[in-house]
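A.B. asks:
Number of protein chains: 2
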Amino acid sequence: MSSKKSSAARANARARRKSLRLHGTIARDLGVLIVSGRYKPGDILNGEIDASDRLQVSRTAYREAVRILAAKGLVESRPKVGTRVSPQARWHMLDPDVLSWIFEFEPDDNLLANLFELRKIVEPEAAALAALRRTNEELEAMEKALQGMAAHTLASEAGRLADQEFHSAMLRASGNAFIVSLTSGVGAAVSWTTIFKQRHNPLRRDPIPDHQKVYEAVKASDPKAAHAAMLNLVELAQLDTTNSRKPKVAKTATSARS
Amino acid sequence: MSSKKSSAARANARARRKSLRLHGTIARDLGVLIVSGRYKPGDILNGEIDASDRLQVSRTAYREAVRILAAKGLVESRPKVGTRVSPQARWHMLDPDVLSWIFEFEPDDNLLANLFELRKIVEPEAAALAALRRTNEELEAMEKALQGMAAHTLASEAGRLADQEFHSAMLRASGNAFIVSLTSGVGAAVSWTTIFKQRHNPLRRDPIPDHQKVYEAVKASDPKAAHAAMLNLVELAQLDTTNSRKPKVAKTATSARS
DNA sequence: GAGCAATATAACTCAGACAATTCATGGTAA
DNA sequence: TTACCATGAATTGTCTGAGTTATATTGCTC
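Chains as they are written, first to last, in the working numbering: chain A, 1 to 258; chain B, 1001 to 1258.
#1: So is Gly1187/B buried or exposed if we call it buried at 16+ other beta carbons inside 10 Å?
#2: Could you spell out the range, first to last residue, of the beta strand (DSSP E) harbouring Ser1077/B?
#3: Would the beta-carbon of Val1122/B fall within 8 Å of that of Gly1031/B?
#4: Using three-state DSSP, classify Val1057/B as helix, strand or coil.
#5: Does Thr1280/B come out as helix, strand or coil in the three-state DSSP assignment?
#6: Find the nearest neighbour of Arg119/A within the set Ala1113/B, Asp1163/B, Phe1178/B, judged by alpha-carbon distance.
#7: Any C-beta of chain A within less than 8 Å: which residues of the region 1103-1120 of chain B qualify?
#8: Cβ atoms of Leu1146/B and Gly1175/B: under 8 Å apart, would you say?
#9: If you measure from the beta carbon of Ile1208/B to each beta carbon in chain A, is any gap under 8 Å?
#10: Between the C-alpha atoms of Ile34/A and Trp101/A, what's the straight-line distance to the nearest angstrom?
#11: Assign Thr293/A to one of three DSSP states: helix, strand, or coil.
#12: When you compare the CB of Arg1063/B with every CB in chain A, is at least one pair closer than 8 Å?
#13: For Arg17/A, I'd like the list of residues in its chain whose CB is within less than 6 Å of its CB, leaving aside the five on either flank, ordered along the chain.
#14: With DSSP as the reference, label Val1186/B as helix, strand or coil.
#15: According to DSSP, is Val1085/B part of a helix, a strand, or is it coil?
#16: Who are the near neighbours of Pro1041/B in its chain, counting only those whose CB is closer than 8 Å to its CB and skipping five residues on each side?
#17: If I'm right that Ala1217/B touches Ala1131/B with Cβ under 8 Å, what's the distance once you round it to whole angstroms?
#18: I need the straight-line Cα distance from Ala1070/B to Ala1150/B, nearest angstrom please.
#19: Taking Leu44/A and Thr83/A to be in contact with their CB atoms under 8 Å, please state how far apart those CB atoms are, rounded to whole angstroms.
#20: In whole angstroms, what is the alpha-carbon distance linking Glu64/A and Gly37/A?
#21: Which residues, in order along the region 1177-1189 of chain B, keep a beta-carbon less than 9 Å from a beta-carbon of chain A?
#22: Between which two residues does the alpha helix (DSSP H) carrying Ala1027/B extend?
#23: Could you check whether the Cβ of Val1032/B sits closer than 8 Å to any Cβ belonging to chain A?
#24: Looking at chain B, which residues of the region 68-81 of chain A have a Cβ within less than 7 Å of any of its Cβ atoms?
#25: Given Val1214/B, which residues of its chain have a CB within under 8 Å of its CB, disregarding the five upstream and five downstream residues?
#26: With 8 Å as the threshold, decide whether the Cβ of Val122/A is near any Cβ in chain B.
#27: Using only CA atoms, which one of Asn136/A, Glu106/A, Ser221/A, Ile208/A lies nearest to Val190/A?
#28: Going by beta carbon distance, what residues of the same chain come within less than 7 Å of Ala1223/B, once the five residues before and after it are set aside?
#29: Run through chain B and tell me which residues come within less than 8 Å of Gln88/A, C-beta to C-beta.
#30: Identify every residue that forms a DSSP beta bridge with Gly1049/B.
#31: When the cut-off is 8 Å and only beta carbons count, does Thr1060/B lie next to chain A?
#32: Quick one: does Met170/A have its CB under 8 Å from some CB of chain B?
#33: By alpha-carbon positions, which one of Arg1021/B, Leu1112/B, Arg1078/B, His1167/B ends up nearest to Met1093/B?
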């Protein structure tokens, strides 16, 4: 009876996503529910027939969504018991999708601090490695990206792309596939989810000089300087992010007990 | 006509895996083919009907396997073009499954070095954080695990479990969910895939003293000592791994051209 | 009370059809 | 010639409904 309505609802639901397939949107929705705590570790999701009924989708689509979540460590499903939300320790917290789901809903302050803590550990070391191993080709890519950042401002899409490319080239220069995977995924997820938050905060320092320092240290094959410059860059990013998140609660000291 | 035979083949194929489902074994097999280079980035996998035909499985099972691989960044599929192997930069190299697939077949020497490079960056810092933030409860867990390692040797299953528990408790004490996810996944995947390699190498140093040092530094809330002790531990692990990998080709210089 | 067999329940797998997406081709107009 | 637009074809995406398999629970036996 409601076939027309449900069909329209499905089309609508898909339209508001970028270009994800149906199973992708379901995985994303369930993933957000899990990482946001709406479903808690140990909880058992509804059965396949039940869940696919409610979502008005076929069991196929729902199952493929569950496979995606299982591949990211968020759930585990077994016959006779069902699909259970895994303990947080098993989640692949650094998976780019999981990361974006975490920071999409309520970027928990503590988690945000933890993430920057990790970045401050890894990225400076990556810069130091890049200073030791960079090739001329990667150096040129960094320089070109730097010019791109200068030409277009960071407020434009092209400018942000140049920024991404700068960091990407730097990571490539580190010559470590695992560091590349880790940092690029983290950086992309964080920047993606923080763009819209910073729209309302047009007050931004000029990022060029800080990037320039990293570039010059890498060019000079000076790992210590590269380490310091990169650490500074990450700390500035953290400042920008936290400032944009709580612009006025800074003075209320009582709220910072925890 | 070959229904009986194919059925037996399927049962056999499933039996040699641990407890993975059909889609899990397919994902694993395809994943190994990809990370080992048999399928190269840019390559397009056979169509779903074709591939599921060859593997003697339904399209459903094959598709769920592809979803798993896509969730780990190994492939990307679009209508009309097919399922294409993603460039290595998009792979989720730190996903525990991807990691185990990488080191299952031919643990490329360079990659192995890269992985230990990352561990030497992160794990000592994690130990330092643990020294600052550990609770008494986590301290007790570490101590109990240490006793377990002493009671059973590392050659036994119980001993290895105690070792895992020691590192797990240490990571929990670091209080950083991202570091926990990163390091536990890496450590588990590496130890899992290197166990059988070290079976033939019974020559193992006593690991207790080195672990003891980490424990005492964390107990004393001494981050610098914890950092040093943990770095030492990782370096020893690297030594053990590389030694067990090439125990006798060291002298035959000609075989190391490549 | 401990161990073992039957059972029920969930995920798992299969088969076949239809729909949606997107690249490629060719035709048309500027 | 070039740019643009409809058309077609190939592939993944989605749906339906059925049967199979694994496993926690229950109940029985010893």
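Beta carbons are placed, not taken as given, at the ideal position from N, Cα and C, and that holds for glycine.
C.D. replies: If we stick to the structure as given:
#1: Counting from one through the second sequence, the residue named residue 1187/B turns up at place 187. Counting other Cβ atoms within 10 Å of its Cβ, Gly1187/B reaches 16 or more and is therefore classed as buried.
#2: Residue 1077/B sits at position 77 when you count from the first residue of the second sequence. In the DSSP annotation of this structure, the continuous segment of the beta strand (DSSP E) that includes Ser1077/B starts and ends at 1075-1078.
#3: Within the second sequence, numbered from 1, the residue matching residue 1122/B stands at position 122. Within the second sequence, numbered from 1, the residue matching residue 1031/B stands at position 31. Taking a C-beta distance under 8 Å as the contact criterion, Val1122/B and Gly1031/B do not qualify as a contact pair.
#4: Translated into positions along the second sequence, residue 1057/B becomes position 57. Val1057/B falls in the coil class under three-state DSSP.
#5: Beyond the ends of chain B as shown, which are 1001 and 1258, falls residue 1280/B; an answer cannot be given.
#6: Counting from 1 along the first sequence, the entry for residue 119/A is found at position 119. Residue nearest to Arg119/A within the set Ala1113/B, Asp1163/B, Phe1178/B is Phe1178/B (criterion: CA-CA distance).
#7: Along the region 1103-1120 of chain B, the positions whose C-beta sits under 8 Å from a C-beta of chain A are Leu1111, Asn1114, Leu1115, Glu1117, Leu1118, read in chain order.
#8: Counting from one through the second sequence, the residue named residue 1175/B turns up at place 175. Counting from one through the second sequence, the residue named residue 1146/B turns up at place 146. For Gly1175/B and Leu1146/B, no; Cβs fall outside 8 Å.
#9: Locating residue 1208/B in the second sequence gives position 208, where the first residue counts as 1. Chain A, which has no Cβ nearer than 8 Å to the Cβ of Ile1208/B, makes this no.
#10: Along the first sequence, one-based indexing puts residue 34/A at 34. Along the first sequence, one-based indexing puts residue 101/A at 101. Their Cα atoms are separated by approximately 9 Å.
#11: There is simply no residue 293/A to check, as chain A begins at 1 and stops at 258 in what is shown.
#12: Locating residue 1063/B in the second sequence gives position 63, where the first residue counts as 1. Judged by the 8 Å Cβ criterion, Arg1063/B is in contact with chain A.
#13: For the purposes of this step, residue 17/A is taken as the residue at position 17 of the first sequence. Reliability fails at Arg17/A, whose pLDDT of 45 lies under 50, so the model's placement of it is uncertain and no value is given.
#14: Your numbering for residue 1186/B matches position 186 in the second sequence. Val1186/B: helix per DSSP, three-state reduction.
#15: Sequence index remark: in the second sequence, residue 1085/B carries index 85 (1-based). In the structure shown, Val1085/B sits in a strand (DSSP, three-state: E or B).
#16: Counting from one through the second sequence, the residue named residue 1041/B turns up at place 41. Same-chain partners within the cutoff: Val1085, Ser1086, Pro1087, Gln1088.
#17: Stepping through the second sequence from its first residue, residue 1217/B is reached at position 217. Stepping through the second sequence from its first residue, residue 1131/B is reached at position 131. About 6 Å separates the beta carbons of Ala1217/B and Ala1131/B, which is inside the 8 Å limit, making them a contact pair.
#18: Position 70 of the second sequence, counted from the start, is the residue given in the question as residue 1070/B. Position 150 of the second sequence, counted from the start, is the residue given in the question as residue 1150/B. Approximately 43 Å, taken between the alpha carbons.
#19: If you number the first sequence from 1, residue 44/A lands on position 44. If you number the first sequence from 1, residue 83/A lands on position 83. In the sequence under discussion, the amino acid at residue 44/A is Ile, which differs from the Leu named in the question. With 8 Å as the limit, Ile44/A and Thr83/A qualify as a contact, their Cβ atoms being about 7 Å apart.
#20: Your numbering for residue 64/A matches position 64 in the first sequence. Your numbering for residue 37/A matches position 37 in the first sequence. Each residue's alpha carbon lies about 22 Å from the other.
#21: Listed by position, the residues of the region 1177-1189 of chain B near chain A (Cβ gap below 9 Å) are Ala1177, Phe1178, Ile1179, Val1180, Ser1181, Leu1182, Ser1184, Gly1185, Val1186.
#22: Working through the second sequence from its first residue, we reach residue 1027/B at position 27. It spans 1022-1035 - the alpha helix (DSSP H) in which Ala1027/B sits, taken as one unbroken run.
#23: Taking the second sequence and counting its residues from 1, the one referred to as residue 1032/B is at position 32. Not a single CB atom of chain A sits nearer than 8 Å to the CB of Val1032/B.
#24: Residues of the region 68-81 of chain A with a Cβ closer than 7 Å to any Cβ of chain B, in chain order: Ile68, Ala71, Lys72.
#25: Position 214 of the second sequence, counted from the first residue, corresponds to residue 1214/B. Once the five neighbours on either side are set aside, the close Cβ partners of Val1214/B are Ala1127, Met1170, Ala1226, Ala1229, Met1230, Leu1233.
#26: Mapped onto the first sequence, residue 122/A falls at position 122. It does; some Cβ of chain B falls within 8 Å.
#27: Your numbering for residue 190/A matches position 190 in the first sequence. For the residues Asn136/A, Glu106/A, Ser221/A, Ile208/A, the minimum Cα distance to Val190/A belongs to Glu106/A.
#28: Position 223 of the second sequence, counting from 1, holds the residue named residue 1223/B. Per the sequence shown, the amino acid found at residue 1223/B is Pro instead of Ala. Excluding residues within five positions, the ones whose Cβ falls inside 7 Å are Ala1128, Ala1131, Leu1132.
#29: Numbered from its first residue, the first sequence carries residue 88/A at position 88. Residues of chain B whose Cβ lies closer than 8 Å to the Cβ of Gln88/A are, in chain order, Ala1177.
#30: In the second sequence, the residue the question calls residue 1049/B occupies position 49. Before going on, a small fix: residue 1049/B reads as Ile here, not Gly. Ile1049/B pairs with nothing; no bridge assigned.
#31: By one-based count along the second sequence, residue 1060/B stands at place 60. Judged by the 8 Å Cβ criterion, Thr1060/B is in contact with chain A.
#32: What you label residue 170/A is simply residue 170 of the first sequence in a count that begins at 1. Not one chain B Cβ lies under 8 Å of Met170/A.
#33: Taking the first residue of the second sequence as 1, we reach residue 1093/B at position 93. Of the candidates Arg1021/B, Leu1112/B, Arg1078/B, His1167/B, the one whose C-alpha sits nearest the C-alpha of Met1093/B is Leu1112/B.
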